[in-house]
Amino acid sequence: MLKVPKGAPYIVVVLFLYWLLYRHSRNTSTSPFSSNPQLDQFKYHRGKTELINTTALFEQSSLEPSIRSVLKVAFGHNQYGSRVIPYFRRKTGTFSAGDVTLVTWLTSDRLGRLVSLAEKRRAPISVAYYVPPHDKLASRDLILLDKLYRTHPSLSENVDIHLVTSAHLLQLNTWRTVARTFATTDWVLLWDADFEACTDYQKGLERFLVQTRARGWADKLEQGTAALVIAPFEWTDPVVERSRNLCPIDRDELITMYRNLSIDAFETMTPVLSHATEYDRWIEVGETDYYEVTEYELGYEAYPLMRRDAEVWFDQRFAGFGYERSAITAQMYLSGMDLYVLPGEYAIHQEHSAAAVISTHDDIGAAKVPWRTFKMDLCHT
Numbered sequence: 001m002l003k004v005p006k007g008a009p010y011i012v013v014v015l016f017l018y019w020l021l022y023r024h025s026r027n028t029s030t031s032p033f034s035s036n037p038q039l040d041q042f043k044y045h046r047g048k049t050e051l052i053n054t055t056a057l058f059e060q061s062s063l064e065p066s067i068r069s070v071l072k073v074a075f076g077h078n079q080y081g082s083r084v085i086p087y088f089r090r091k092t093g094t095f096s097a098g099d100v101t102l103v104t105w106l107t108s109d110r111l112g113r114l115v116s117l118a119e120k121r122r123a124p125i126s127v128a129y130y131v132p133p134h135d136k137l138a139s140r141d142l143i144l145l146d147k148l149y150r151t152h153p154s155l156s157e158n159v160d161i162h163l164v165t166s167a168h169l170l171q172l173n174t175w176r177t178v179a180r181t182f183a184t185t186d187w188v189l190l191w192d193a194d195f196e197a198c199t200d201y202q203k204g205l206e207r208f209l210v211q212t213r214a215r216g217w218a219d220k221l222e223q224g225t226a227a228l229v230i231a232p233f234e235w236t237d238p239v240v241e242r243s244r245n246l247c248p249i250d251r252d253e254l255i256t257m258y259r260n261l262s263i264d265a266f267e268t269m270t271p272v273l274s275h276a277t278e279y280d281r282w283i284e285v286g287e288t289d290y291y292e293v294t295e296y297e298l299g300y301e302a303y304p305l306m307r308r309d310a311e312v313w314f315d316q317r318f319a320g321f322g323y324e325r326s327a328i329t330a331q332m333y334l335s336g337m338d339l340y341v342l343p344g345e346y347a348i349h350q351e352h353s354a355a356a357v358i359s360t361h362d363d364i365g366a367a368k369v370p371w372r373t374f375k376m377d378l379c380h381t
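Take 1 as the starting number for the sequence shown in full-length UniProt numbering and just add one per residue.
#1: Quick check on LYS220: does DSSP put it in helix, strand or coil?
#2: So, are the CB atoms of TRP282 and ALA227 less than 9 angstroms apart?
#3: Quick one: what's got a C-beta closer than 6 angstroms to THR177's C-beta in the same chain, skipping five residues either side?
#4: Would you grab the beta carbon distance between PHE233 and PHE182 for me? Rounded to a whole angstrom, and I think it's under 8 angstroms.
#5: Report the residue from ARG83, HIS45, THR49 whose alpha carbon sits nearest the alpha carbon of GLN60.
#6: Is there at least one Cβ from chain E nearer than 9 angstroms to GLN171's Cβ?
#7: Could you please give me the residues that DSSP links to SER108 through a beta bridge?
#8: Should ALA167 go down as buried or exposed, given a rule of 16 or more other Cβ atoms within 10 Å for buried?
#9: Are ALA128 and ALA197 close, meaning C-beta to C-beta below 9 angstroms?
#10: Taking 8 angstroms as the cut-off, does the region 207 to 225 touch the region 326 to 341 (at least 3 CB pairs, one atom from each stretch)?
#11: Could you spell out where the alpha helix (DSSP H) holding PHE58 opens and where it closes?
#12: Is the CB-CB distance between TYR201 and LEU305 below 9 angstroms?
#13: Is it true that the CB of ASP237 sits closer than 9 angstroms to the CB of SER274?
#14: Can you name, in chain order, every residue of its own chain whose Cβ lies under 8 angstroms from the Cβ of LEU145, other than the five neighbours on each side?
#15: Among LEU172, ALA347, GLY93, ALA276, whose alpha-carbon lies nearest the alpha-carbon of GLU292?
#16: Taking just the CA atoms, how far does CYS379 sit from LEU117?
#17: Please go through the region 87 to 158 and give each complete beta strand (DSSP E) segment of 3 or more residues, from N-terminal end onward.
#18: Which two residues bound the contiguous alpha helix (DSSP H) that contains TRP282?
#19: What do you get for MET269, buried or exposed, if any count of 16 or more other CB atoms within 10 angstroms of its CB means buried?
#20: Taking the C-alpha atoms as reference points, what is the distance between GLU324 and ASP192?
#21: Among the residues of its own chain, which have a CB less than 8 angstroms from the CB of VAL100, if the five just before and after it don't count?
#22: CA-CA distance, PRO132 and LEU39?
#23: Within a Cβ cutoff of 6 angstroms, which residues of the same chain sit near LEU102, ignoring the five residues on either side of it in sequence?
#24: If you run the structure through DSSP and keep just helix, strand and coil, what is LYS43?
#25: What do you reckon, are the CB atoms on LYS91 and VAL159 nearer than 9 angstroms?
#26: Can the beta-carbon of GLN350 be found less than 9 angstroms from the beta-carbon of ASP194?
#27: Between SER326 and ARG46, what straight-line distance do the alpha-carbon atoms span, to the nearest angstrom?
#28: Would you give the residue range spanned by the alpha helix (DSSP H) that GLY204 belongs to?
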């Protein structure tokens, strides 16, 4: 297993969190945590404006003392001082351990995408939702979240919301770790809300397990030593994209559009991010002609489906957009995990404006230093 400096204590702690989840909810998606604070008790007025005291919210949430201590060690030791409230809002639906939980992160400007994902998938979703450290902005974002959760049954039935806050913005790998840690099924799909999952990844997993058992691939996946890769695509013509549904009707239509250049591999202008998926091979093979990633390059970004308890963790030093997903894939590949591509599953990227929370140069530039450090760590591992 690849080890990143500063990560060992974190790994031990998160494994302990998994053990707690397993002990309390082995055969159900019900969470052992009792953290669902009502916002009213944290409201106050500044003049005529009603605000939420976010400091009190994060300090007084009703967590068991043992869980609070573990969270402090797991997510409080990083350089950005993250604070977490697991299960701020908890789904009412019940799912089996074999279901796939989509795990992702959100800022308030992406809530519409969460509603879309929940309504289309009707499957478990675990979300780390960023709350700004300033009461005025936090109040706006929390009230909006609360309203959507109460008025959209697809959210309340399928989505667990975990609050995260910090003075430093866009700690994407930390947020992904929060969402993954508190997922309540055995399988997770590491996702970004700006992608539409156009196919049924649950059935894709089930087909893979049946059809690759004899090859030993299914066993590796179940043991946490392999992950499945879903190929992401993007529209090349914004006019065409706006004039139709985001997803092609089926795989055949996607292949036709790929060949006539209406759709291309995601981030095709930066080939290292997607080259290892071998899109031309994906297009030519059948839906169940699974193949292994054999042309990995440092920088490759995967959207993996894997065991929740796979012994690969996401480097929390990353902040800002840039290299955090490449680091995840590098940790997976160099730890010895096999990556298998699912030709029957695909996703489409939806264009969006820059996240509203990006407001300082430091938050964007911070990603560059850890990537250099991360590559040096790999060389000395």
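Backbone N, C-alpha and C define an ideal beta-carbon position, used for all residues, glycine too.
Just so you know, these numbers come straight off a predicted model, no measurement behind them.
Judging by the given coordinates:
#1: helix
#2: no
#3: PHE314
#4: Contact flag wrong, Cβ pair sits at about 30 angstroms.
#5: ARG83
#6: Of the protein chains in this structure there is only one, and it is not chain E.
#7: SER108 pairs with nothing; no bridge assigned.
#8: exposed
#9: no
#10: yes
#11: 54 to 60
#12: yes
#13: no
#14: ARG89, SER108, LEU111, TYR129, ILE161
#15: ALA276
#16: 39 angstroms
#17: 100 to 106, 125 to 130
#18: 279 to 284
#19: exposed
#20: 12 angstroms
#21: ALA123, PRO124, THR185, TRP187, VAL188, LEU189, TYR201, GLN202, LEU205, LEU305
#22: 16 angstroms
#23: ILE125, LEU189, TRP191
#24: strand
#25: yes
#26: yes
#27: 44 angstroms
#28: 201 to 211
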